[in-house]
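To start, the structure under review is shown below, and the notes come after it.
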Amino acid sequence: IGVVVQPSLVNAGDVVQISVYGQGGAGVISRTLTVDGQTISLDNSGNGQITASTTVGNHEIIATISDGKQTQQYRTVYTVKDSADTDEPIAMITSPQADSEITQRIVIQGTADDQQLAEYQVVIKPAGAPDSSWQVINKGYSNVINGELGRLDPTTKANGLYDLGLVVKDSQGRVSSQKISIELGKD
Numbered sequence: 009i010g011v012v013v014q015p016s017l018v019n020a021g022d023v024v025q026i027s028v029y030g031q032g033g034a035g036v037i038s039r040t041l042t043v044d045g046q047t048i049s050l051d052n053s054g055n056g057q058i059t060a061s062t063t064v065g066n067h068e069i070i071a072t073i074s075d076g077k078q079t080q081q082y083r084t085v086y087t088v089k090d091s092a093d094t095d096e097p098i099a100m101i102t103s104p105q106a107d108s109e110i111t112q113r114i115v116i117q118g119t120a121d122d123q124q125l126a127e128y129q130v131v132i133k134p135a136g137a138p139d140s141s142w143q144v145i146n147k148g149y150s151n152v153i154n155g156e157l158g159r160l161d162p163t164t165k166a167n168g169l170y171d172l173g174l175v176v177k178d179s180q181g182r183v184s185s186q187k188i189s190i191e192l193g194k195d
């Protein structure tokens with residue numbers, strides 16, 4: 009199941025297109041969509057649209073697909089910009105330290121903060137790999153200050169050098185990030 013939100017960063021009153029899609033299942037597939045708890049009509053292809061709220065910040069989108077036997081949900085957000093927000097978001101990884109060797113599951117700690125936070129993502133890629141290689145470890149929609157940003161299990165990756173990143177986006181579309189180098193190894 010997946011959801012495509014276009015655009016996902018909007019001004020109040022903009023039109024937002026939302027597409028709900030899924031693969032597999034047996035029998036008749038049903039799709040439902042809610043935005044901030046309100047049901048949104050979908051056409052037969054799983055497409056719907058809304059007019060963006062006048063409330064600044066994140067707005068929760070929940071898509072549900074069911075074939076009568078299995079039901080799956082997908083959650084995401086669209087964000088209404090705040091033109092009064094002029095501060096850059098804060099992105100800071102405090103643990104692990106740069107150049108650490110990770111041999112067991114760890115908690116990634118730090119700060120992802122902004123008065124109008126849209127989203128943060130903790131990402132990883134092999135060192136030297138192109139930017140298209142980033143994989144999301146965790147993402148969130150609430151501020152984290154000197155707390156848990158995600159978890160990393162080195163047994164799920166090949167041994168070697170990696171870049172670990174934190175990307176923080178605010179409701180104006182500003183992005184701050186931090187990247188550190190780490191080494192993953194299996195004990």
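Using this note's numbering, the letters of the sequence shown map in sequence onto residues 9 to 195.
Ideal Cβ placement from N, Cα and C applies to all residues, glycine included.
My parser needs the beta strand (DSSP E) runs of 3 or more residues fully inside the segment 76-123; what are they? 79-88, 98-103, 108-110 and 114-121, all fully within the segment 76-123.
Are the segment 134-147 and the segment 91-100 touching, with three or more C-beta to C-beta distances below 8 Å? These segments do not touch.
If we ignore side chains and look at the alpha-carbon of each, how far apart do Gly-54 and Gln-25 end up? C-alpha separation (whole angstroms): 11 Å.
Would the beta-carbon of Gly-30 fall within 8 Å of that of Ile-9? In contact: Gly-30 and Ile-9 (Cβ atoms closer than 8 Å).
From Pro-97 to Val-23, what does the alpha carbon distance come to, in whole angstroms? Distance between Pro-97 and Val-23, taken at the CA atoms: about 26 Å.
Starting from the C-beta of Asp-122, find all residues in its chain whose C-beta is less than 6 Å away, skip the five residues before and the five after it, and write them out in chain order. Contacts found: Pro-97 and Asp-178.
Examine the Cβ distances between the segment 142-161 and the segment 104-124 and report whether three or more of them are shorter than 8 Å. Flag = yes, the segment 142-161 and the segment 104-124 touch.
Cβ-based burial, Val-144 [other Cβ within 10 Å; buried from 16]: That one is exposed.
Once you ignore the five residues that flank Tyr-170 on each side, which residues in its own chain have a CB closer than 8 Å to its CB? Listed in chain order, the non-local C-beta contacts of Tyr-170 below 8 Å within the same chain comprise Ile-132, Lys-133, Pro-134, Ala-135, Ser-189, Ile-190, Glu-191 and Leu-192, local neighbours out to five positions each way being set aside.
Once DSSP output is grouped into helix, strand and coil, what is the label at Pro-15? In this structure, Pro-15 counts as coil in the three-state DSSP scheme.
Skipping 5 residues on each side, what residues in its chain have a beta carbon closer than 8 Å to that of Ile-58? Excluding residues within five positions, the ones whose Cβ falls inside 8 Å are Val-23, Val-24, Ile-26, Val-43 and Ile-48.
Please report how far the alpha carbon of Ala-99 lies from the alpha carbon of Lys-187, in whole angstroms. Within the model, the alpha-carbon separation for Ala-99 versus Lys-187 is close to 9 Å.
Go through the segment 141-167 residue by residue and report every complete run of the beta strand (DSSP E) that reaches 3 residues or more, in order. Look at the segment 141-167 and you find these whole runs of beta strand (DSSP E), each 3 residues long or longer: 143-148 and 152-160.
Contact check, Ala-60 vs Tyr-86 under 8 Å by CB: the rounded distance? Yes, Ala-60 and Tyr-86 are in contact; Cβ-Cβ is about 7 Å, under 8 Å.
Go through its chain and collect everything with a Cβ distance to Gly-181's Cβ below 6 Å, but skip five positions before and after it. Excluding sequence neighbours, Gly-181 sits near Leu-17.
Assigned secondary structure, Asp-171 (DSSP; H/G/I helix, E/B strand, else coil): Here DSSP, grouped into helix, strand and coil, assigns Asp-171 to strand.
Report the residue from Gly-118, Gln-124 and Ser-150 whose alpha carbon sits nearest the alpha carbon of Leu-174. Ranking Gly-118, Gln-124 and Ser-150 by Cα distance to Leu-174 puts Gly-118 first.
Please list, in chain order, all residues of the same chain as Leu-50 whose beta carbon is under 7 Å from its beta carbon, the five residues on each side excluded. Annotation for Leu-50: Val-28, Arg-39, Leu-41 and Gly-56 place their beta carbon closer than 7 Å to its own, counting only its chain and skipping 5 residues before and after.
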